[in-house]
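Just so we're on the same page, the numbering used here is the position in the sequence shown counted from 1, plus 17. Note that CB positions come from ideal geometry on N, CA and C, so glycine has one too. Keep in mind that this is a model prediction, so the values were computed, not measured. Take a look at the structure below.
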Amino acid sequence: MLYRPLATHQLLQNGNIRDTIHVGNELFWQNRCESGDPGGLIDAQFNGINLGTMSIVYLTFGADVSIEPVCNDQHFLIQTTLIGQSSTLNGQRLITTVPNDIAIIDPSLPTKINFKQGCAHLALKMDRSTITLKLADLLQQDINEPVVFDLFSEQAEANKRAWLETMHFLCAFYDKPDQQILHNKHLLQSHIDMATCALISSQQHNYSAQLNNDRHTATPRHVRRACEFIDSRIQETITMSDLCRISNVTERTLQNGFKKHLGQTPSEFIQSRRLHHLHQALQNAAGQTNVSRIMWEHGINNPGRWAQLYFKRYGCYPSETLSTRHK
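Below, the structure is given as structure tokens:
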């Protein structure tokens, strides 16, 4: 990892307590900050960049500093220790981190971070909604329970490296002097997707077991055949009779297989896949089309109901996805 990442995005140098509070409010959200010497210099340095639903910040202090962010249920804060040591109280749990340790802070809980003199950290703020939507897409199902990450866990070296290398890449990329790339929304979205996938895949949370279950190899042949048939005929009306015929099993066997191996009924799986294909079509739509036509092309004849299902899954309406794509 670079010693001072994001040097081309310097926001504060040789800052004091007041400066730290101001920059912290701008980059993260409202916070309280104090040091052992309230009137003294703390030599705060912040380098950072706001990428919309995600911000990346390098911060270091020349004195012991404590920061208490105001409770916030809209984001997660992923903090990687680069140099030195810090301690974090998040809810009822207190941890101490050293270089290459990764802490995932839930700011909806009371939080206090104590930075030791000379320490340096890389922090990534990410919208909860971004994480939830990506997880729903990866699992192909609605996320009904909030995502809860472990604050700190002993990780396999490969998992830790996956996150550290992702952060290294993003910092190196956005440290380039040519900042025209910041206006490339497709490239930006790919980086947000990459960071979100790396976070979800490498760090422990309450959906990890489900996400890591290799369903494709564990799923019996009749369920796989039904899934393949659904994806190939997603624009048509698909009945249980169709699925039983193509998989050559009874309806009860198929229902039980879907519930056991996919956690969904066949009808729920069809709905989930249809939403996925609709979302992909809206994102890649050509210029003169409209939502009604795209829905019709995907076998949807009740646009009002499906617009609500789409909103529940993706956090916006189909028309918003289409209009954003055309900008």
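With contact defined as three or more Cβ pairs closer than 8 angstroms, the region 86-98 and the region 109-122 are in contact. Your pair Q220 and F166 checks out as a contact, with CB atoms roughly 6 angstroms apart and the cut at 8 angstroms. Counting other Cβ atoms within 10 Å of its Cβ, W313 stays below 16 and is therefore classed as exposed.
Proximity of the region 70-77 to the region 136-149 meets the contact definition, three or more beta-carbon pairs being nearer than 8 angstroms.
In the displayed model, Y75 falls within a strand according to three-state DSSP. Between I59 and N33, the C-beta spacing is below 8 angstroms.
The residues Q96, T105, I112, T114, L168, F169, in chain order, have a CB closer than 7 angstroms to that of A120 in the same chain once the five nearest residues on each side in sequence are set aside.
The closest CA to that of S258, considering only K151, R269, S249, is found on R269. D144: not part of any alpha helix (DSSP H); member of the beta strand (DSSP E) spanning 137-144, first to last residue. CA-to-CA, the gap between T267 and L260 works out to about 9 angstroms.
Secondary structure at A303: coil, using DSSP grouped into helix, strand and coil. Under the three-state reduction of DSSP output, V87 falls in the coil class, being neither helix nor strand. Contact annotation: L29 and F63 have beta-carbon atoms nearer than 8 angstroms. Here the alpha carbons of T128 and L326 stand approximately 35 angstroms from one another. For G65, there is no enclosing alpha helix (DSSP H); the residue is found in the beta strand (DSSP E) stretching over 61-67. The DSSP-derived three-state label of R238 is helix. Distance from the Cα of L139 is smallest, within the candidate group D118, Q252, L339, for D118.
Within the same chain, and ignoring the five residues on either side of N176 in sequence, the residues whose Cβ sits closer than 6 angstroms to its Cβ are S219. Here the alpha carbons of M184 and L292 stand approximately 31 angstroms from one another. In the assembly as shown, V308 is a buried residue. Its beta-carbon has 16 or more other beta-carbons within 10 Å. Nearest Cα to C136 within the set S83, Q227, K151: S83. A120 has Q96 as its beta-bridge partners, per DSSP. As the crow flies, the alpha-carbon of I251 is around 15 angstroms from that of L299.
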